[in-house]
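K.L.:
Quick note: the sequence shown, position 195, residue 229 per our numbering, numbers continuous.
Idealized CB from N, CA, C, for every residue including glycine.
Given the structure is predicted, the values throughout are model-derived calculations rather than measurements.
Below you'll find the structure I mean.
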Amino acid sequence: MTASPHHKVREDWLALGQEETLAPEQPIFDCHHHLWDRPEGRYRAKELMADVGSGHDVRASLYVQCRTGYRDHGPESLRPVGEVETVLDWMRGQDRFPAGIVAMADLQLGDDVRPVLDALTEAGQGRVIGIRNTTAWHADPAVRSNPNPPSEGLLRTGAFIDGARALAAHGLTLDVWAYQTQLDEVRALAEAVPELTVIVDHCGGPLGVGPHDRTDTQNFRAWRDALALVAALPNTRIKIGGFGLGVFGWRYADAALPPRSHTLAEDWRPWVETCLDLFGPTRAMFESNFPVDKGQVSYRTLWNAFKRLAAPLSRGDRDDLFWRSAARAYGIDAQLFKHDTGRIPS
């Protein structure tokens, strides 16, 4: 078995860094999390609901594919339908967690992906609202965020672009997890399918490992300049988060104590402010990326850091970042997040 590239979740270590919840009145749509039951850890309904109920006003969430619960029989193209079935089974009784699902359908099937999209939509009972493929690739083996990395160049193949067009025709969005070295491919894809909403995950993959030095200004500039070309296209959106990913280069997990939110806010500020400068609050959204990022930071501390970073903004801009941009992008009912609807019970 290939070892996980993610930091191990240590609840006892995270408990050493408890802090008060900041701005508890702020509604949140956690627009990017996973669920799994793997040898390296379990993150299912119990664990998710414990996190979303840890102090912040998290009104709803979005599940994003991670190869959980695939079918072990039937046509290969339809096996990812099992992920949707598994997630809905694990979260039985919850209608907001997740409120939507970004599933997996192999876009290399091109236009032939349409029957898979139909099957996913049927299995999702109205909750499948987007698709994501495994596309993050780098030539250097030190840059790995997936134990089973994809082949090089998937985003730029004609088949993938045909599959993306089928997505748009189906009324679905496309999440893309790509490193900064692939952002030109993301731009070309979004340009080729202007009718498709392309949501770029994890700040567009700024790298800090292997040949990429997080502290090097040229590396930062290369990421920023490539992301600017993506942001120039009106059909693109950005998820701000993923700083706990090993490929970003932060090593909070190596410290004796977990990081505090003020430290995280200062560490992450250049990347967050760049994303906001390029996309604006109406096309940007905060994400938890749990349980991946949980190996380096607790749920409460993570959202506290985002709240510190958003504090100088207007209430309207904060609402955009914490729920409205994501709800608009994914077609989630905005009434779930209105300030006067009350908190979801934990």
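(1) Taking D152 as the reference, which of G108, L206 and E53 has the closest Cα?
(2) Helix, strand or coil: which one does DSSP assign to S322?
(3) Can you tell me whether H66 is helix, strand or coil according to DSSP?
(4) What separation, rounded to the nearest whole angstrom, lies between the Cα atoms of N182 and L310?
(5) What's the C-alpha gap between A381 and P292?
(6) Consult DSSP for G164 and reduce its assignment to one of helix, strand or coil.
(7) Quick one: using the 10 Å Cβ neighbour count with 16 as the cut-off for buried, is G116 buried or exposed?
(8) Quick check on P315: buried or exposed, where buried means 16 or more other Cβ atoms within 10 Å of its Cβ?
(9) Mark G280 as exposed unless 16 or more other C-beta atoms lie within 10 angstroms of its C-beta, in which case mark it buried.
(10) Taking the alpha-carbon of P240 as reference, which of W47, T215, V220 and L263 has the nearest alpha-carbon?
(11) Tell me whether the beta-carbon of Q60 lies closer than 8 Å to the beta-carbon of K341.
(12) Pull up the distance between the alpha-carbon of H66 and that of G276, whole angstroms please.
(13) Who does V210 pair with in a DSSP beta bridge?
(14) Starting from the Cα of D353, find the closest Cα among A265, F320 and Y333 and give me that residue.
(15) V227 by DSSP, collapsed to three states: which one?
(16) According to the Cβ coordinates, are L208 and A198 closer than 8 Å?
(17) Let me know the secondary structure DSSP gives T270 once reduced to three states.
(18) Return helix, strand or coil for A49, following the three-state DSSP convention.
(19) If you reduce the DSSP assignment to three classes, tell me which class A137 lands in.
(20) Using the Cβ count rule (16 or more neighbours within 10 Å means buried), how would you classify A335?
(21) Buried or exposed, going by whether 16 or more other CB atoms sit within 10 Å of the CB of Q330?
(22) Look up H41 in the DSSP assignment and say whether it is helix, strand or coil.
(23) Mapping DSSP to helix, strand and coil, what is R93?
(24) To the nearest angstrom, how far is it from the Cα of M83 to the Cα of Y97?
(25) How close, in whole Å, do the beta carbons of L267 and R221 come, if the pair is a contact with beta carbons under 8 Å?
(26) Looking at the secondary structure, which residues open and close the alpha helix (DSSP H) in which G158 lies?
(27) Just the C-alpha distance for S359 and A37, rounded to the nearest angstrom, thanks.
(28) Let's see if you can read the secondary structure: which residues bound the beta strand (DSSP E) around Y333?
(29) Name the DSSP beta bridge partners of R285, please?
(30) With Q142 and L188 assumed to form a contact (beta carbons below 8 Å), what rounded beta-carbon distance in angstroms separates them?
(31) For L154, which residues in the same chain have their Cβ closer than 7 Å to its Cβ, ignoring the five residues on either side in sequence?
(32) Can you tell me whether DSSP reads L370 as helix, strand or coil?
(33) According to DSSP, simplified to helix, strand and coil, what is D24?
(34) Is D71 helix, strand or coil when you go by DSSP?
(35) For A260 versus L312, is the C-beta spacing smaller than 8 Å?
P.N.:
On the basis of the supplied data:
(1) To locate residue 152, count along the sequence shown from 1; it is residue 118. Distance check between D152 and each of G108, L206 and E53 places L206 closest, using alpha-carbon atoms only.
(2) As a working mapping, residue 322 is identified with position 288 in the sequence shown. In the structure shown, S322 adopts coil according to DSSP, grouped into three states.
(3) Residue 66 sits at position 32 when you count from the first residue of the sequence shown. DSSP places H66 in strand when its eight states are reduced to three.
(4) In the sequence shown, counting from the first residue as 1, residue 182 sits at position 148. In the sequence shown, counting from the first residue as 1, residue 310 sits at position 276. Each residue's Cα considered, the two are about 32 Å apart.
(5) Given that the chain is displayed from residue 35 to residue 380, the structure contains no residue 381 and the question cannot be resolved.
(6) What you label residue 164 is simply residue 130 of the sequence shown in a count that begins at 1. In the three-state scheme derived from DSSP, where H, G and I count as helix and E and B as strand, G164 is classed as strand.
(7) What you label residue 116 is simply residue 82 of the sequence shown in a count that begins at 1. The residue is buried, with at least 16 neighbouring Cβ atoms inside 10 Å.
(8) The count along the sequence shown starts at 1 and reaches residue 315 at position 281. With 16 or more Cβ atoms within 10 Å of its Cβ, P315 is classed as buried.
(9) Stepping through the sequence shown from its first residue, residue 280 is reached at position 246. Classification for G280: buried.
(10) Position 206 of the sequence shown holds residue 240. In terms of CA proximity to P240, T215 leads the group W47, T215, V220 and L263.
(11) For the purposes of this step, residue 60 is identified with residue 26 of the sequence shown, where counting begins at 1. For the purposes of this step, residue 341 is identified with residue 307 of the sequence shown, where counting begins at 1. The Cβ-Cβ distance between Q60 and K341 falls below 8 Å.
(12) Here residue 66 refers to the residue found at position 32 when the sequence shown is read from its first residue. Here residue 276 refers to the residue found at position 242 when the sequence shown is read from its first residue. CA-to-CA, the gap between H66 and G276 works out to about 10 Å.
(13) Locating residue 210 in the sequence shown gives position 176, counting from the first residue. Residue pairing by DSSP puts V210 in a beta bridge opposite V234.
(14) Position 319 of the sequence shown, counted from the first residue, corresponds to residue 353. Nearest in C-alpha terms to D353, of all of A265, F320 and Y333, is F320.
(15) Here residue 227 refers to the residue found at position 193 when the sequence shown is read from its first residue. In the structure shown, V227 sits in coil (DSSP, three-state: anything other than H, G, I, E or B).
(16) In the sequence shown, the residue the question calls residue 208 occupies position 174. In the sequence shown, the residue the question calls residue 198 occupies position 164. Yes, they are a contact pair.
(17) To locate residue 270, count along the sequence shown from 1; it is residue 236. Here T270 sits in strand by DSSP.
(18) Residue numbering aside, residue 49 sits at position 15 when the sequence shown is read from its first letter. Secondary structure of A49 (DSSP, three-state): helix.
(19) Reading the sequence shown from its first residue, position 103 is the one you call residue 137. Three-state result, A137: strand.
(20) For this step, residue 335 is matched to residue 301 along the sequence shown. It is Thr, not Ala, that sits at residue 335 in the sequence shown. With 16 or more other Cβ atoms from the protein chains shown falling within 10 Å of its own Cβ, T335 counts as buried.
(21) Numbered from its first residue, the sequence shown carries residue 330 at position 296. Around the beta carbon of Q330, a 10 Å sphere encloses 16 or more other beta carbons of the protein chains shown; the residue is thus reported as buried.
(22) Mapped onto the sequence shown, residue 41 falls at position 7. Looking at H41 - three-state DSSP - the assignment turns out to be coil, as it is neither helix nor strand.
(23) Within the sequence shown, numbered from 1, the residue matching residue 93 stands at position 59. In the three-state reduction of the DSSP assignment, R93 falls in the strand class, which pools E and B.
(24) Walking along the sequence shown from the start, residue 83 turns up at place 49. Walking along the sequence shown from the start, residue 97 turns up at place 63. Distance between the alpha carbons of M83 and Y97 is about 13 Å.
(25) Translated into the one-based positions of the sequence shown, residue 267 becomes position 233. Translated into the one-based positions of the sequence shown, residue 221 becomes position 187. Indeed, because the Cβ distance is near 7 Å, the residues count as touching under 8 Å.
(26) For the purposes of this step, residue 158 is taken as the residue at position 124 of the sequence shown. For G158, the enclosing alpha helix (DSSP H) covers residues R148 to G158.
(27) Taking the sequence shown and counting its residues from 1, the one referred to as residue 359 is at position 325. Taking the sequence shown and counting its residues from 1, the one referred to as residue 37 is at position 3. Their Cα atoms are separated by approximately 35 Å.
(28) On the sequence shown, position 299 is the one that residue 333 refers to. Counting along the chain, Y333 sits inside no beta strand (DSSP E); it lies in the alpha helix (DSSP H) bounded by residues Y333 to A344.
(29) Against the sequence shown, residue 285 aligns to sequence position 251. According to DSSP, R285 bridges with nothing at all.
(30) On the sequence shown, position 108 is the one that residue 142 refers to. On the sequence shown, position 154 is the one that residue 188 refers to. The C-beta distance from Q142 to L188 rounds to 7 Å, short enough to fall under 8 Å.
(31) Residue mapping note: residue 154 aligns to position 120 of the sequence shown, counting from 1. For L154, where only same-chain residues beyond five positions count, the Cβ hits under 7 Å are V115, V118, A137, A139 and V162.
(32) Counted from its first residue, the sequence shown places residue 370 at position 336. Three-state result, L370: helix.
(33) Limits of the chain in this structure are 35 at one end and 380 at the other, which puts residue 24 out of reach.
(34) Stepping through the sequence shown from its first residue, residue 71 is reached at position 37. In this structure, D71 counts as strand in the three-state DSSP scheme.
(35) By 1-based counting over the sequence shown, the position of residue 260 is 226. By 1-based counting over the sequence shown, the position of residue 312 is 278. The answer is no: Cβ separation not under 8 Å.
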